[in-house]
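This report refers to the structure that appears directly beneath it.
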Amino acid sequence: MNPSEEFVEQGISQQNLRRVSSTTVLTLAYQSLGVVYGDLCISPLYVYKTTFSGKLSLHENDEEIYGVLSFIFWTITLIALFKYVFIVMLADDNGEGLSILPNQQAVDEKLSEYVTEGSADTWQSSALKSFFEKHPRFCKGLLIFVLLGTCMAIADGVLTPAISVLSAVSGVKLKIKELHENHIVIISCVILVGLFSLQHHGTHKVAFMFAPIVTAWLLCLTGIGVYNIFRWNSHIFHALSPIYMLKFLKSTGIEGWVSLGGVVLAITGVETMFANLGHFSTLSIRIAFTFLVYPSLLLMYMGEAAFLSKHHEDIERSFYKAIPETVFWPVFIVATFAAVIGSQAVISATFSIISQCCALNCFPHVRIIHTSSKIYGQIYIPEVNWMLMCLSLAVTIGLRDTSMMGHAYGLAVTTVMFVTTCLMAMVMIIVWKQKTVTAVAFLLVFGSMELLYISACIFKVPEGAWIALTVSSIFMAVMYLWNYGTMKKHQFDVENKVSMNRIVSLGPSLGMVRVPGIGLVYTNLVTGVPAVFGHFVTNLPAFHQVLVFVCIKSVQVPYVCEKERILISRVGPKECGMFRCILRYGYKDLQQENYNFENRLVSGLVQFVETEDETASKATDFCGEFGNSDVEAFDSSVHTISISYPEEDRVRCSCDIQVMTSDIGRVESFLLKDESLQILKAKESGITYVLGHSYAKSKKPSSIFKKFAIDVAYAFLSKNSRESNILMKVSPTSLLEVGMIYYV
3 MNPSEEFVEQ GISQQNLRRV SSTTVLTLAY QSLGVVYGDL CISPLYVYKT
53 TFSGKLSLHE NDEEIYGVLS FIFWTITLIA LFKYVFIVML ADDNGEGLSI
103 LPNQQAVDEK LSEYVTEGSA DTWQSSALKS FFEKHPRFCK GLLIFVLLGT
153 CMAIADGVLT PAISVLSAVS GVKLKIKELH ENHIVIISCV ILVGLFSLQH
203 HGTHKVAFMF APIVTAWLLC LTGIGVYNIF RWNSHIFHAL SPIYMLKFLK
253 STGIEGWVSL GGVVLAITGV ETMFANLGHF STLSIRIAFT FLVYPSLLLM
303 YMGEAAFLSK HHEDIERSFY KAIPETVFWP VFIVATFAAV IGSQAVISAT
353 FSIISQCCAL NCFPHVRIIH TSSKIYGQIY IPEVNWMLMC LSLAVTIGLR
403 DTSMMGHAYG LAVTTVMFVT TCLMAMVMII VWKQKTVTAV AFLLVFGSME
453 LLYISACIFK VPEGAWIALT VSSIFMAVMY LWNYGTMKKH QFDVENKVSM
503 NRIVSLGPSL GMVRVPGIGL VYTNLVTGVP AVFGHFVTNL PAFHQVLVFV
553 CIKSVQVPYV CEKERILISR VGPKECGMFR CILRYGYKDL QQENYNFENR
603 LVSGLVQFVE TEDETASKAT DFCGEFGNSD VEAFDSSVHT ISISYPEEDR
653 VRCSCDIQVM TSDIGRVESF LLKDESLQIL KAKESGITYV LGHSYAKSKK
703 PSSIFKKFAI DVAYAFLSKN SRESNILMKV SPTSLLEVGM IYYV
């Protein structure tokens with residue numbers, strides 16, 4: 003087992019990762035090369051070609067080449083090194099921030115993953131939080147802004163495979179000149195199909211190859227760069243002076259400014275550094291970048307500039323032309339493998355983004371497959387995989403030009419970076435409790451640079467950048483409409499909660515009966531009785547002897563440990579036999595249970611009943627945190643406990659239940675309460691899953707936009723989305739579906 007797998011399997015936190023030995027840190031740094039830096043390391047294949055495309059090709063002289071190199075150096079140094087490596091990677095997720103989820107509870111802040119030490123609010127952080135709480139419109143605007151960055155990151159997942167593979171394969175034309183452009187496109191498409199077809203195996207099957215290949219690629223870049231510097235222009239390091247940036251803009255004018263959209267491709271992939279902090283420590287990623295990736299890339303860009311200073315006519319094939327003749331084919335093979343690895347990293351990141359969006363109710367539910375039993379974050383989403391493949395093939399076949407792809411790629415990357423900068427400024431105020439001046443300075447320094455690059459990329463919209471806008475707009479529309487419809491349905495649930503007193507009072511008039519067994523009613527509500535249950539009992543006045551309202555929700559931390567996953571509370575008076583079970587998942591958790599959920603639930607119910615009197619006073623205090631309106635509407639004695647017993651106690655409880663259910667005669671020896679015995683007997687009768695199928699429809703006086711959003715778009719997405727992964731494994735004989743129309 004390698005170190006990263008060991009950390010994930012043992013659940014060691016980032017704080018503990020920082021205390022490991024130097025040998026382990028270096029091992030993790032080496033492993034991170036193949037996972038984190040694949041996309042960033044293949045940028046030299048297309049940066050100079052994309053930058054000098056268009057009218058700037060008329061200015062191919064030494065001063066312009068020096069200026070481009072100076073921009074590349076300072077862009078990598080300021081944005082990649084200073085911003086991402088030394089600042090952004092400090093933003094570990096502590097569960098703080100602004101949440102758009104409507105079913106959060108105060109008890110969620112007591113999770114062990116929710117770091118609270120040193121988090122006393124300053125007046126600046128309190129003011130910013132209260133501003134968004136008091137102005138829902140700005141909160142919705144923040145959601146749209148975040149979705150924009152997220153969808154541009156997904157567009158990266160479409161563009162990176164296309165531009166990386168096509169750039170790598172196009173180098174073969176230097177040796178096989180009779181090879182037609184169509185053949186290059188066909189070879190690229192075959193590689194892309196193979197790449198996406200292998201995704202279902204999981205990256206862990208081939209991950210052992212990634213680090214050696216990327217390491218070999220970086221060593222090739224270093225060697226080629228040093229070779230060209232000493233052979234063609236040993237004074238190229240003078241171009242690192244920022245003076246050459248000013249000379250470049252002065253001599254090239256608007257053409258030079260527009261060409262900066264190609265320069266920004268030198269830092270594509272830096273946003274993936276903090277996407278893998280769950281598997282690699284911050285220190286290991288910093289070491290890998292600072293001591294290997296950063297110098298290797300700079301030497302390669304300097305070497306390529308040195309070559310171009312003597313070969314202006316080779317700008318279209320500058321990378322492969324700069325390779326010494328004797329090592330061309332080995333470098334070409336390594337470049338092709340590196341391009342595939344860079345694509346793999348972005349595809350995997352896209353899966354993670356979609357998975358987290360599903361957890362946050364910002365994307366329709368899709369099938370998520372966990373491809374590794376050791377490395378938690380490795381997942382595969384079939385629908386997204388084939389969708390990315392089709393889009394990448396369409397871009398490759400439709401454009402056939404890496405320069406046009408680069409323009410789209412640049413716009414997507416710069417947008418993601420600018421969104422990151424703005425959100426980091428908020429993190430500095432709300433989470434890090436920094437002064438507003440510090441956050442504004444960060445925003446002005448890095449935001450101004452990124453806006454400069456964005457403005458240059460926008461001028462390239464007619465020349466290919468429209469691809470990024472189109473792809474991101476489609477995904478953004480899907481995400482926003484899904485979130486809009488989901489929030490409207492939840493609002494309907496909250497506004498139409500059924501009073502427990504009403505159900506009890508209607509019991510005799512409806513002739514309501516209780517049938518043997520346990521009924522699990524799934525709902526999004528964390529308080530109250532859902533409207534779908536009221537609809538059910540008024541039409542079929544019978545429900546199970548023991549009824550449990552189950553809520554599956556995501557909280558504001560990335561992971562929730564197993565012992566803190568379940569919250570159990572009572573709904574209504576004891577004689578009703580009703581409970582609530584809340585299953586809490588982090589937004590990076592895979593929502594499926596690896597243990598016997600039914601036994602775990604029954605064990606939790608029995609423990610709750612047995613300890614209810616002891617915890618009643620504490621639980622009543624807890625209920626007060628929700629406000630009197632929530633409690634009085636249903637029952638004034640709702641008590642809640644967290645099933646957080648140690649691992650050995652959990653096993654013991656499961657064993658006890660197996661003994662109890664297999665030999666009822668032995669139950670009395672445990673001296674359990676009568677209600678606990680009723681729960682165990684109900685389990686013997688069977689467990690039924692009651693799932694509400696609610697269909698949203700807009701009200702008659704709704705606007706045209708709302709009718710289209712709810713009746714057409716959201717209805718289509720709902721019909722073609724999947725149920726929760728937990729419910730996917732339920733036997734059809736144990737599933738009862740209840741239909742209801744929500745007029746929102």
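If you read the sequence shown in my numbering, its first letter stands for residue 3, the second for the next number, and so on.
Built from N, CA and C at the ideal position, the CB exists for glycine as well.
Residue interval of the alpha helix (DSSP H) (run including residue i)
i: Glu315; result: Neither: Glu315 is in no alpha helix (DSSP H) and is coded neither H nor E.
i: Thr438; result: Thr438 to Ile460
i: Thr79; result: Taken as a continuous stretch (DSSP letters only), Thr79 belongs to no alpha helix (DSSP H), as it is neither H nor E.
i: Ile1; result: Past the edges of the chain, shown from 3 to 746, lies residue 1, and the structure says nothing about it.
i: Ile289; result: Thr284 to Ala290
i: Ser705; result: It is not in any alpha helix (DSSP H) - Ser705 carries neither H nor E in the DSSP assignment.
i: Gln33; result: Ser24 to Val38
i: Ser770; result: No information on residue 770 is available, as it lies outside the stretch 3 to 746 that the chain covers here.
i: Val424; result: The sequence shown places Cys at residue 424, rather than the Val named in the question. Thr404 to Ile432 is the span of the alpha helix (DSSP H), which, as asked, contains Cys424.
i: Ile256; result: Ile256 to Val260
i: Gly305; result: Tyr296 to Leu310
i: Lys51; result: Val49 to Thr53
Burial state of residue i, where buried means 16 or more other Cβ atoms lie within 10 Å
i: Thr52; result: buried
i: Ser350; result: buried
i: Val523; result: buried
i: Ala155; result: buried
i: Lys576; result: exposed
i: Phe88; result: exposed
i: Ser450; result: exposed
i: Glu98; result: Low per-residue confidence applies at Glu98: pLDDT is 39, beneath 50, and the placement is therefore not dependable, though the value from the model is reported in the following sentence. So Glu98 ends up on the buried side.
i: Asp123; result: exposed
i: Phe610; result: buried
Opening and closing residue of the beta strand (DSSP E) in which residue i lies
i: Gln493; result: First-last for Gln493: Trp468 to Glu497, but that is the alpha helix (DSSP H), not the beta strand (DSSP E).
i: Gly694; result: Ile689 to Lys699
i: Arg582; result: Met580 to Gly588
i: Cys563; result: Note, Cys563: premise wrong, no beta strand (DSSP E); not H, not E.
Three-state secondary structure (DSSP) of residue i
i: Val573; result: coil
i: Pro518; result: strand
i: Gln201; result: helix
i: Ile89; result: coil
i: Val523; result: strand
i: Ser736; result: helix
i: Ser128; result: helix
i: Val228; result: helix
i: Met742; result: strand
i: Lys555; result: strand
i: Val531; result: strand
i: Tyr382; result: strand
i: Ala324; result: coil
i: His185; result: helix
i: Phe133; result: helix
i: Leu542; result: coil
i: Ile568; result: strand
i: Ile215; result: helix
i: Leu682; result: helix
i: Ile193; result: helix
i: Ile370; result: coil
i: Leu674; result: coil
Proximity test, residue i beta-carbon vs the ligand SAH heavy atom, cut-off 6 Å
i: Ser678; result: As presented, the structure is devoid of all ligands, the ligand SAH included, so that no description of it is given.
C-beta neighbour in chain D for residue i, strict 7 Å
i: Met91; result: This model lacks chain D altogether; it includes just one protein chain.
For this session: Take every Cβ of the stretch 177 to 191, pair it with every Cβ of the stretch 453 to 461, and state whether three or more of those distances are shorter than 8 Å.
Result: Contact between the stretch 177 to 191 and the stretch 453 to 461 is absent, because fewer than three Cβ pairs lie under 8 Å.
Exercise. Would you call the stretch 322 to 332 and the stretch 250 to 266 in contact, with 3 or more CB pairs under 8 Å?
Worked result: They do not touch, by the three-pair rule.
For this session: Inspect the CB distances between the stretch 60 to 77 and the stretch 398 to 416 and report whether three or more fall short of 8 Å.
Result: Under the three-pair Cβ rule at 8 Å, the stretch 60 to 77 does not count as touching the stretch 398 to 416.
Exercise. Would you call the stretch 290 to 299 and the stretch 359 to 372 touching, i.e. three or more CB-CB distances under 8 Å?
Worked result: Counting Cβ pairs under 8 Å, fewer than three are found: no touch.
Exercise. Given 8 Å as the limit, is there contact between the stretch 432 to 441 and the stretch 220 to 227, that is, 3 or more CB pairs closer than that?
Worked result: Remark: fewer than three beta-carbon pairs, one from each stretch, lie closer than 8 Å, so the stretch 432 to 441 and the stretch 220 to 227 are not flagged as touching.
Exercise. Do the stretch 530 to 543 and the stretch 480 to 488 make contact, defined as three or more Cβ pairs closer than 8 Å?
Worked result: The stretch 530 to 543 vs the stretch 480 to 488: no contact.
Exercise. Between the stretch 443 to 456 and the stretch 487 to 500, do at least 3 Cβ pairs fall closer than 8 Å?
Worked result: They do not touch, by the three-pair rule.
Exercise. Can you find at least 3 beta carbon pairs, one from the stretch 300 to 311 and one from the stretch 71 to 86, that sit closer than 8 Å?
Worked result: As far as the Cβ criterion goes, the stretch 300 to 311 touches the stretch 71 to 86, which means the pair count is three or higher.
For this session: Could you say if the stretch 548 to 560 and the stretch 702 to 714 meet the contact criterion of at least three C-beta pairs nearer than 8 Å?
Result: Contact between the stretch 548 to 560 and the stretch 702 to 714 is absent, because fewer than three Cβ pairs lie under 8 Å.
Exercise. Would you call the stretch 351 to 366 and the stretch 384 to 395 touching, i.e. three or more CB-CB distances under 8 Å?
Worked result: Yes: the two stretches touch, three or more of their Cβ pairs being nearer than 8 Å.
Exercise. For the stretch 313 to 323 against the stretch 338 to 348, are there 3 or more C-beta pairs whose distance is under 8 Å?
Worked result: Below 8 Å, too few C-beta pairs join the stretch 313 to 323 and the stretch 338 to 348 to call them touching: fewer than three.
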